[in-house]
Every structure is written in structure tokens, then in C-alpha cells.
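As C-alpha cells, the structure follows; a few thoughts come after it.
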Amino acid sequence: GIGGTLLKGYYRSCNEAVEDTVRKYLSAASTIALKYNLQVLIMPVAPHAYRSIKNGKSVGRAKRRETMYLWNKVLRSELQASKWTNVFLLDYEESLQYQDHTSPVGYSLNPCYNADYTHTNNAIVPLVAEAIQNSGC
Numbered sequence: 432g433i434g435g436t437l438l439k440g441y442y443r444s445c446n447e448a449v450e451d452t453v454r455k456y457l458s459a460a461s462t463i464a465l466k467y468n469l470q471v472l473i474m475p476v477a478p479h480a481y482r483s484i485k486n487g488k489s490v491g492r493a494k495r496r497e498t499m500y501l502w503n504k505v506l507r508s509e510l511q512a513s514k515w516t517n518v519f520l521l522d523y524e525e526s527l528q529y530q531d532h533t534s535p536v537g538y539s540l541n542p543c544y545n546a547d548y549t550h551t552n553n554a555i556v557p558l559v560a561e562a563i564q565n566s567g568c
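In our numbering, the protein residues as written are 432 to 568.
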């Protein structure tokens, strides 16, 4: 993962690693879209669900939330620029947010979209459908 590469000294910061990974991901998606004459719809990473800090995993979870925030921010920025041919962002991630003052990014996954603290449930489908209609694809 990104952390492993960062530990080996390939990047100066985790932010740099995320930005580079997003660009490589979008480049590959664009290459596939052009090669096979497709439109690629990119889904953002959903916010992490609220979890109590009592279970001892809160530090790692906080770092993942920060990385998820940056990933989605870079995706949004890169795909607004329209430099990736036939690649479109399904920009519904902000609709999934629920204010959470304990989170380093200020929000967690809205409980109404939480399936099992790892995945979203089917209540997300209308948001995805709307995002497809608004994506410009």
C-alpha cells in the first residue's frame, strides 16, 4: 500500500504518495477507456464509519480517514480539469458525510449508509444514480 512505499523512502510525504497514486490510477483508467472506446466512471472512497476510540485502533483509523480525504480531494481536482479522456467522477462522497467532531477530517460515514462498519449499504444507490446523471459522461 501507500504506507509501505512511503516507508521505503520513495516519497517525501504521504500526501505526495496519494497524489501520485491518484494520477497513475487515472492515467491507467484513461488508457483503458481510449483503448477499448469506453467511459470509465470513478467512484470516490466512502468515509469511514464512526467507531469508538476504545478498541485501540483509533490512530490507524484516523490516518486512513486523512488519506481517504486527500484521495477524494485529488480525484475531484484531477477530474474537474477534464484532462483524463473518457474518465468521469461520480461525485457523491460529500452526501455520505455525517458531522463527527472526533474524526480528524470532521466527518464520518452517515449511519444511514453504513452496512457493517466497512461497506456502504444499498441506500447509496440513489446517490450513485444521481451522480451518473451529473457526471457529464
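Note that beta-carbon positions come from the ideal geometry of N, C-alpha and C, so glycine has one too. Being a predicted model, the structure only gives us computed values, none of them experimental.
Could you tell me the boundaries of the alpha helix (DSSP H) in which residue i lies?
i	result
S461	445 to 466
C556	Looking at the sequence shown, residue 556 is not Cys but Val. Unbroken alpha helix (DSSP H) run through V556: 556 to 565.
Closest to residue i by CA distance: which of the options is it?
i	options	result
L521	N552, W515, R507	R507
R454	L465, N503, G491	N503
S513	E450, S526, L457, A554	L457
My assumption, with CB atoms under 8 Å, is that residue i sits in contact with residue j. Please give the rounded CB distance.
i	j	result
L540	Y529	6 Å
Y500	V536	4 Å
F519	L510	7 Å
A460	I473	7 Å
Identify the continuous beta strand (DSSP E) that holds residue i and give its terminal residues.
i	result
L472	471 to 473
L527	Per DSSP, L527 belongs to no beta strand (DSSP E) and is neither H nor E.
Per DSSP, which one or two residues make a beta bridge with residue i?
i	result
E518	According to the sequence shown, residue 518 is Val rather than Glu. According to DSSP, V518 bridges with V471.
Y538	Q530
In whole angstroms, what is the alpha-carbon distance linking residue i and residue j?
i	j	result
L469	S566	15 Å
A448	Y548	26 Å
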